[in-house]
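As structure tokens, the structure follows; a few thoughts come after it.
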């Protein structure tokens with residue numbers, strides 16, 4: 045982890061010079077020979093960088109050496125959440141960070157052919173006692189992330205609350221959030237995903253990765269909604 049570095053200096057994308065050249069050609073016939081960006085250089089502002097964090101299913105005993113128990117796995121996950129958020133806090137200017145919940149696998153998913161809207165568990169309907177890998181720890185890791193990021197569903201949506209807003213409230217109260225001033229939002233995709241045991245890649249061989257239409261696209265819609273919502277309070 046110590047070798048992991050995030051660059052905070054402004055970076056001009058590789059495609060930007062070509063884009064600006066094409067823009068000048070497109071606007072060259074207009075009166076004055078320049079476009080709106082040339083006329084008002086302050087209009088173009090650097091957008092905030094966006095980072096989405098997720099460990100997937102691979103934070104498990106099998107990824108660590110030595111005698112590792114569930115306790116050590118979860119304790120290590122908690123320390124990792126704190127470590128990563130502190131690293132983001134040190135970046136200036138601040139960036140938008142989205143911590144996506146670990147998505148569930150469904151034990152023996154081959155038995156399902158439709159969505160189950162009221163489903164709350166990963167367990168097999170036919171064999172509730174059967175376990176699969178470390179999947180039973182996934183939501184426990186989500187609960188740790190929620191706690192460390194001070195996640196609470198807002199009145200506006202039951203899916204997420206902006207941790208940045210919580211930081212501002214704590215600042216007024218004289219307390220300090222573990223994520224400082226960086227906007228870190230927990231994106232809770234667990235509830236929407238747990239209802240789709242029918243949507244995995246290759247039942248019964250792969251009941252972890254999602255493949256059918258709907259699940260991952262909803263995650264993306266959720267992420268995009270969060271980005272757009274944040275932009276309302278920045279430069280738009």
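Numbering (our numbering), first residue to last: 45 to 280. Ideal Cβ placement from N, Cα and C applies to all residues, glycine included. For clarity, every value in this text was computed on a predicted model and none was experimentally measured.
Backbone secondary structure at residue i - three-state DSSP
i, result
"residue 44", "Given that the chain is displayed from residue 45 to residue 280, the structure contains no residue 44 and the question cannot be resolved."
"residue 95", "strand"
"residue 61", "helix"
Chain-order list of residues whose beta-carbon lies under 6 Å from that of residue i (same chain, five-residue window excluded)
i, result
"residue 163", "238 and 239"
"residue 98", "144"
"residue 245", "253 and 255"
"residue 156", "241 and 242"
"residue 274", "140"
"residue 146", "182, 185 and 186"
"residue 263", "233"
"residue 103", "121"
Same chain, Cβ closer than 7 Å to residue i, neighbours up to 5 away in sequence not counted
i, result
"residue 167", "151"
"residue 159", "239, 240 and 242"
"residue 259", "237, 240 and 243"
"residue 114", "181"
"residue 213", "Below a pLDDT of 50, predicted positions are generally treated as unreliable, and residue 213, at 49, falls in that range; no measurement from the model is reported."
Span of the alpha helix (DSSP H), counted from its first residue to its last, around residue i
i, result
"residue 143", "Counting along the chain, residue 143 falls outside any alpha helix (DSSP H), though it belongs to the beta strand (DSSP E) covering 140-144."
"residue 274", "259-275"
"residue 234", "234-238"
"residue 184", "182-192"
Sequence-distant residues of the same chain with beta carbon closer than 8 Å to residue i, five excluded per side
i, result
"residue 148", "166, 179, 182, 183, 234, 237 and 238"
"residue 122", "188 and 192"
"residue 267", "96, 142, 144 and 231"
"residue 118", "181, 184, 185 and 188"
"residue 93", "139 and 140"
"residue 153", "241, 242, 244, 247, 248 and 251"
Unbroken beta strand (DSSP E) run spanning residue i, endpoints
i, result
"residue 246", "244-246"
**Report entry** Residue ranges of each beta strand (DSSP E) within the stretch 122-178, 3 or longer
**Finding:** 140-144
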